[in-house]
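Q: Numbering-wise (the UniProt record's numbering), the sequence shown opens with residue 1 and increments by one. We put the CB at the ideal spot given by N, CA and C, even for glycine. Before I ask anything, let me first share the structure, which is written out below as structure tokens.
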Amino acid sequence: MRLTVAEPDKAQQALLAKFLESTYWQGLALTPDEWRTRLAHAPGGAALARTLVWQAQSGEAVPRSFMLDGEALHDAAGGALELAAGDRIRLWHPVTASDDERAAWQAHIVAARLRQPFRQAFREHYRPADDERAANRTATFAGHTVATRPLLGVARRESWTIAGNDRLIERWFGDVRVDLEMEYGLYPGIDAHCDTIDLHFTRYRDGRAQRTTLADLDAVVFSEACRAVDLLVSVSAFAIDDESPSSSARPSHPRTERRARVDRLGTLPLGEMAQMRRRALTLALAHEIDAGRVAVDERHVRVGSHAVHLSTARVTDDGAPVELELPAKRGKLAAVPWLPYDEVLLQRIADAVGALLARR
């Protein structure tokens, strides 16, 4: 890995960002000299390196997270940090950090208005339940009814494949094979609904499968696998209500169907992705919150009597649904907050909040 191009184009920057993100499960640890030469001081990598949080660790010592500011390094509290010759540098992952450390880096990213090349400080993260740590599977995503057509479409794009046992879709995370078990067999082109069951983990050494437990897995690999499954389930489960009216009820207008769907989604507990939206918007809207113009509660961003749901972007006024007109160009809404990462739903929520603030 080395970028020496004086002015790398967007394609080269995107390629480097994609490679770095994959090191979460492929593994990459550099010496301080390698990190500086190949990335931090490389013409094609320096700008990107300054937007990411890194982690230094020597042996069994507690890892230290840091960012690059010019030639200096600083930790989450803003203190100076020096690298030792024996350190190994890798990308920092939020699952390895404490709540306070994650919050500090998120606040810094927002305050400095750093646009990270992929979601890092605000990355969803997952840990195995205590009663599953001795097993090689988790039921975290069991029991979701999903539409197979969008499920397999997203799965193919995200490097999942139908396994030899067609009740499994599999993906590799380094030397760990991850299998999502389904209710019944899948095949290309299937258009049906089925339930998810368990998520299985198998480690391979020299081409041979070895039984492993969730406690033995690298915490980052487990988290990344769960994040990938969360995406599959979220997209394909939401798609069920988009496909057709219920066969047990009279057909209704598409707008009525959509309203019923978001009403149902609005009653569900917030998932990890929605919780991360809540955190990002709380920081991005801090000035308006302090001024009393905006409030963020468990499920909504509130502007006066209006509420915008964090899972659906549905807007209500004292509980009644509102069809909010938004300008075609986002720049016309001066009140729209700066956002720390790209996501269509997060942007939609922010646009709605900006439009409501502009009315006041």
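1. Which word fits L15, buried or exposed, when buried means at least 16 other C-beta atoms lie within 10 angstroms of its C-beta?
2. Enumerate, from N- to C-terminal direction, the unbroken alpha helix (DSSP H) stretches of 4 or more residues contained entirely within the stretch 79–159.
3. In the DSSP assignment, find the alpha helix (DSSP H) that holds V178 and state where it starts and stops.
4. Looking at the unbroken beta strand (DSSP E) that takes in Y204, where does it start and where does it end?
5. Please work out which residues of its chain come closer than 6 Å, Cβ to Cβ, to I197, disregarding the five sequence neighbours upstream and downstream, and give them in chain order.
6. Just curious, the alpha helix (DSSP H) that W25 is in, first and last residue?
7. Can you find the residues in the same chain that come closer than 6 Å, C-beta to C-beta, to I349, ignoring five residues on each side of it along the sequence?
8. Between the C-alpha atoms of L83 and G153, what's the straight-line distance to the nearest angstrom?
9. What three-state label does DSSP hand D290 in the structure shown?
10. Measure the beta-carbon distance from T96 to V220 and round it to whole angstroms, keeping in mind my assumption that it falls under 8 Å.
11. For Y184, count neighbouring Cβ atoms within 10 angstroms of its own Cβ and tell me buried if that reaches 16, exposed if not.
12. Can you list, in chain order, the residues of its chain whose CB lies under 6 Å from that of A121, leaving out five sequence neighbours each side?
13. Return the CA-CA distance between H193 and R149, expressed in angstroms with no decimal places.
14. Strictly by DSSP, which residues pair up with T161?
15. Across which residues does DSSP place W54 in a beta bridge pair?
16. At the level of alpha carbons, what is the spacing between K18 and R360?
17. Which stretch, first to last residue, makes up the beta strand (DSSP E) that contains D33?
18. Evaluate the contact criterion for the stretch 132–147 versus the stretch 202–219: three or more CB pairs, one atom per stretch, below 8 Å.
19. Using only the alpha-carbon positions, how far apart do E170 and W160 sit?
20. Looking at chain D, is there any beta carbon in it that lies within less than 8 Å of the beta carbon of L73?
21. Excluding the 5 residues preceding and the 5 following E224 in the sequence, name in chain order all residues of the same chain whose CB lies nearer than 7 Å to its CB.
22. Within a Cβ cutoff of 6 Å, which residues of the same chain sit near Y341, ignoring the five residues on either side of it in sequence?
23. At the level of alpha carbons, what is the spacing between R302 and A42?
24. Given a threshold of 16 other Cβ atoms within 10 Å of its Cβ, counted over all protein chains shown, does W338 qualify as buried or as exposed?
25. Below 8 Å between beta carbons: does that hold for residue 375 and A49?
26. Could you give the first and the last residue of the continuous beta strand (DSSP E) run that contains residue 441?
27. In or out: D191 buried (at least 16 other Cβ within 10 Å) or exposed?
28. For R299 versus L310, is the C-beta spacing smaller than 8 Å?
29. Run through DSSP, which three-state label would D317 get?
30. Using only CA atoms, which one of M276, D317, T145, L285 lies nearest to S234?
31. Can you tell me the Cβ-Cβ gap for E101 and S65, rounded? I've got them flagged as a contact below 8 Å.
32. For the putative contact between A85 and P32, defined by C-beta atoms under 8 Å, what is the C-beta separation to the nearest angstrom?
33. Given a cut-off of 8 Å, decide if T51 and P94 are closer than it, judged by their beta-carbon atoms.
34. What residue range is occupied by the uninterrupted beta strand (DSSP E) comprising V322?
35. Among E34, L20, G44, which has the Cα closest to the Cα of D9?
36. Given R306, which residues of its chain have a CB within under 8 Å of its CB, disregarding the five upstream and five downstream residues?
A: In short:
1. Sixteen is the threshold: since fewer than 16 other Cβ atoms of the shown chains lie within 10 Å of the Cβ of L15, the residue is exposed.
2. For the stretch 79–159, whole alpha helix (DSSP H) runs of length 4 or above, ordered along the chain, are 99–112, 148–157.
3. Not the alpha helix (DSSP H): V178 falls in the beta strand (DSSP E), residues 176–182.
4. DSSP places Y204 inside the beta strand (DSSP E), whose first and last residues are 193–205.
5. If the five residues before and after I197 are omitted, its C-beta is found closer than 6 Å to the C-beta atoms of A142, E181, all from its own chain and listed in chain order.
6. Here the alpha helix (DSSP H) through W25 covers 10–26.
7. If we look at I349 and ignore the five residues flanking it on each side, its Cβ neighbours are V308, A313.
8. Near 44 Å, if we compare the C-alpha coordinates of G153 and L83.
9. In the three-state scheme derived from DSSP, where H, G and I count as helix and E and B as strand, D290 is classed as helix.
10. 7 Å between Cβ atoms; contact.
11. With fewer than 16 other Cβ atoms within 10 Å, it is exposed.
12. Closer than 6 Å at Cβ, skipping near neighbours: W105, Q106, I109.
13. A straight-line Cα-Cα distance of about 9 Å links H193 and R149.
14. Bridge partners of T161: E170.
15. Under DSSP, W54 forms a beta bridge with F66, L91.
16. The alpha-carbon atoms of K18 and R360 are separated by roughly 42 Å.
17. In this chain, D33 is not harboured by any beta strand (DSSP E); it is covered by the alpha helix (DSSP H) spanning 32–35.
18. Touching, per the Cβ criterion.
19. For E170 and W160, the distance between alpha carbons rounds to 5 Å.
20. Structure shown: chain D not included; a single protein chain is present.
21. Result list for E224: Y24, W25, F173, in chain order.
22. Same-chain partners within the cutoff: R119, F122.
23. Distance between the alpha carbons of R302 and A42 is about 45 Å.
24. Counting the other CB atoms within 10 Å of its CB gives W338 a total below 16, which places it among the exposed residues.
25. The displayed coordinates of the chain run from 1 to 360. Any statement about residue 375 would go beyond what the structure contains.
26. Shown here, the chain extends from 1 to 360; a query on residue 441 therefore has no answer.
27. Counting of Cβ neighbours within 10 angstroms places D191 among the exposed residues, the total staying below 16.
28. In this structure, R299 lies near L310, with their beta-carbon atoms less than 8 Å apart.
29. Looking at D317 - three-state DSSP - the assignment turns out to be strand.
30. Comparing Cα-Cα distances from S234 to each of M276, D317, T145, L285, the minimum goes to T145.
31. So it is a contact: roughly 7 Å between Cβ atoms.
32. Going by Cβ atoms, the distance from A85 to P32 rounds to 7 Å, so yes, they are a contact pair.
33. No, the Cβ-Cβ distance between P94 and T51 is not below 8 Å.
34. Run containing V322: none; DSSP gives neither H nor E here.
35. The residue with the shortest Cα to Cα distance from D9 is G44.
36. One detail in the question is off: residue 306 reads as His in this sequence, not Arg. Within the same chain, and ignoring the five residues on either side of H306 in sequence, the residues whose Cβ sits closer than 8 Å to its Cβ are V315, T316, D317, V322, L356.
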